[in-house]
Amino acid sequence: MSICPKNKSSKSHRDQRRANWKMSVPNLVKCSKCGALTLPHRVCKACGTYNKRQVVQVED
Ligand SMILES: [Zn+2]
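Quick note, in this note's numbering, the sequence shown goes up one by one and the last residue is 1456.
Shown next, in the form of structure tokens:
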């Protein structure tokens, strides 16, 4: 079952509701091996390490 709105929200009402949707700055940590900025709990894209261990081979 889905909700069934009784009245249409006006553009203003809808936009006011969305007015405080803000982009958040992604959390970045420095790779312990190469120092590149990466997302925490992710394999480093630059060198393919995670937890100071090579986990993926980086091509090129
Ligand atoms: Zn790295």
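Note that beta-carbon positions come from the ideal geometry of N, C-alpha and C, so glycine has one too.
Coil, strand or helix - residue i by DSSP
{"i": "Lys-1407", "result": "helix"}
{"i": "Arg-1438", "result": "coil"}
{"i": "Gln-1450", "result": "strand"}
Same chain only: Cβ atoms within 7 Å of residue i, ignoring 5 sequence neighbours per side
{"i": "Ser-1428", "result": "Lys-1448"}
{"i": "Cys-1400", "result": "none"}
CB of residue i within 8 Å of CB of residue j, strictly
{"i": "Lys-1426", "j": "Leu-1435", "result": "no"}
Same chain, Cβ closer than 8 Å to residue i, neighbours up to 5 away in sequence not counted
{"i": "Asn-1423", "result": "Leu-1435, Pro-1436"}
Self-check item: Any heavy atom of ligand 3 within less than 6 Å of residue CB: hits in chain order
Solution: Questions concerning ligand 3 fall outside what the structure shown contains, since the ligands it does hold are ligand 1.
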